[in-house]
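Residue numbers (our numbering): 11 to 507.
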């Protein structure tokens with residue numbers, strides 16, 4: 011059926027005989043449909059304005075109308091292959107205006123097309139309605155989408171931009187149903203070239219693309235403010251780049267598969283600065299850390315912590331060189347103090363500039379385990395240590411001759427122990443925070459003896475006192491004096507405390 015709303019004269023002719031119409035809208039055959047059933051299946055469809063061309067008895071004026079110079083009249087000839095019979099008829103709708111020729115045409119694959127046709131092919135501007143409900147509006151070349159055009163899919167996805175031979179190619183913008191958006195270059199339907207992608211979560215990538223992947227130089231900004239600027243390989247940060255965190259930390263260096271791997275430096279917001287090797291986003295291998303105070307560590311790292319051999323230096327000039335484990339000094343090492351003192355870690359010797367000396371075990375830069383300490387005033391301690399303090403069992407000998415052998419806790423006599431004085435006096439019993447406390451026996455150098463309870467280094471509570479002349483008192487005591495029930499001695503008691 012040919013649309014003839016404009017009043018144009020329209021006829022369909024057999025290509026081999028233009029004088030024999032296939033369809034004549036002024037006449038009908040015996041079937042009543044105006045179709046000449048005896049003609050072949052190749053036809054020429056011609057329409058023209060009858061005000062200009064009233065005489066259409068020959069095909070010559072049809073060709074004249076096609077090549078005419080009148081700018082106000084357009085004549086279109088379309089070659090169509092069809093089977094003209096009463097049983098099989100291809101439906102073609104044609105319309106004509108004075109400015110351009112457009113058709114509504116259903117393609118063999120079911121696509122409905124509205125627009126220009128040239129030699130039976132979509133050419134110029136038109137709209138195609140696809141069976142999957144997608145719609146394309148734009149330019150065509152040789153029946154293919156080529157030039158500027160927009161495509162809308164059933165799921166809401168929309169593209170607007172350049173096409174080449176039915177492929178999205180050139181600059182264009184794609185919007186997805188989740189509101190993510192890409193604006194940039196395309197090749198064969200994939201993001202390739204330079205473009206900006208706005209992700210649904212608020213992230214923004216701006217840079218190079220290859221085959222829908224971030225590839226080459228580009229920057230990615232996350233919603234929380236983190237930003238990466240550098241090289242990309244197949245959607246992963248790989249190569250040289252800079253990563254900035256919202257708190258102000260900045261890393262510059264190498265990346266592999268989205269992680270800091272290789273050589274790189276990080277400046278922390280608190281002023282710390284590390285430069286060295288990385289493995290899976292953690293400091294690993296050889297590296298240098300500098301603190302704002304001037305303290306430095308140069309050595310081995312593992313799992314983001316100082317581990318292995320290294321050197322730690324302090325602003326005052328002191329230095330430790332040796333083993334580290336999990337961020338702490340551990341094992342064998344030497345600590346040199348700013349005053350010249352030397353400290354050993356592990357089994358070794360620690361000496362001070364004032365000639366103090368420790369020989370024994372160390373742990374995490376502290377005296378720990380068994381060891382001997384010679385003090386500058388000639389006092390000497392032999393025994394157990396814990397966290398740089400006398401703890402456990404040990405004996406302290408004073409330079410004046412006093413000696414204590416017993417339990418220690420937190421650098422003080424605590425527990426059970428024996429104290430001997432240079433004059434021969436002797437105490438054996440309990441101690442607490444360097445004082446006699448609890449049950450104990452004191453033998454004085456004058457041969458008097460007290461056996462009983464003590465508190466804050468004084469006789470206190472129940473106790474028995476025996477004097478050299480044989481007198482005895484068994485009763486209550488308070489702050490070193492007889493108090494309460496008991497026998498009161500007749501003469502003043504002289505005792506060693």
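We treat Cβ as the ideally placed atom computed from N, Cα and C, and that holds for glycine. Keep in mind it's a predicted model, so treat the numbers as computed, not measured.
With a 10 Å radius around its C-beta and 16 neighbouring C-beta atoms as the bar for buried, classify residue i as buried or exposed.
i           : result
residue 420 : exposed
residue 495 : exposed
residue 234 : exposed
residue 457 : exposed
residue 440 : buried
residue 224 : buried
residue 406 : buried
residue 293 : buried
residue 68  : Confidence in residue 68 is poor, its pLDDT being 32 and thus under 50, which makes the residue's placement unreliable; the coordinate value appears in the next sentence. Residue 68 should be labelled exposed.
residue 401 : buried
residue 447 : buried
residue 491 : exposed
residue 127 : buried
residue 463 : buried
residue 195 : buried
residue 416 : buried
Roughly how many angstroms separate the alpha carbons of residue i and residue j, rounded to a whole number?
i           : j           : result
residue 149 : residue 136 : 6 Å
residue 432 : residue 484 : 28 Å
residue 370 : residue 426 : 24 Å
residue 345 : residue 364 : 16 Å
residue 227 : residue 305 : 37 Å
residue 334 : residue 241 : 35 Å
residue 418 : residue 327 : 34 Å
residue 123 : residue 189 : 29 Å
residue 265 : residue 396 : 44 Å
residue 197 : residue 311 : 46 Å
residue 119 : residue 200 : 25 Å
residue 245 : residue 230 : 11 Å
residue 385 : residue 470 : 34 Å
residue 252 : residue 259 : 11 Å
residue 212 : residue 218 : 19 Å
residue 267 : residue 247 : 6 Å
residue 281 : residue 340 : 26 Å
residue 155 : residue 167 : 18 Å
residue 175 : residue 232 : 36 Å
residue 343 : residue 389 : 26 Å
residue 206 : residue 159 : 20 Å
residue 183 : residue 193 : 4 Å
residue 423 : residue 467 : 12 Å
residue 308 : residue 270 : 20 Å
residue 535 : residue 220 : Since the first and last residues shown for the chain are 11 and 507, residue 535 lies out of range.
Run through DSSP, which three-state label would residue i get?
i           : result
residue 464 : strand
residue 384 : strand
residue 235 : coil
residue 477 : coil
residue 187 : coil
residue 516 : Because the chain spans 11 through 507 in this model, residue 516 falls outside it and cannot be assessed.
residue 442 : strand
residue 121 : coil
residue 373 : strand
residue 196 : strand
residue 282 : coil
residue 362 : coil
residue 453 : strand
residue 487 : strand
residue 136 : strand
residue 435 : coil
residue 142 : coil
residue 293 : strand
residue 164 : coil
residue 210 : coil
residue 257 : coil
residue 482 : strand
residue 229 : strand
residue 305 : coil
residue 345 : strand
residue 287 : strand
residue 337 : coil
residue 493 : coil
residue 267 : coil
residue 248 : strand
Just checking: is the beta-carbon of residue i within a distance shorter than 8 Å of some beta-carbon in chain D?
i           : result
residue 436 : Looking for chain D here will not work: only one protein chain is present.
*What beta strand (DSSP E) runs, 3 residues minimum, are completely inside the segment 378 to 430?*
390 to 396, 399 to 407, 413 to 419, 422 to 430, all fully within the segment 378 to 430.
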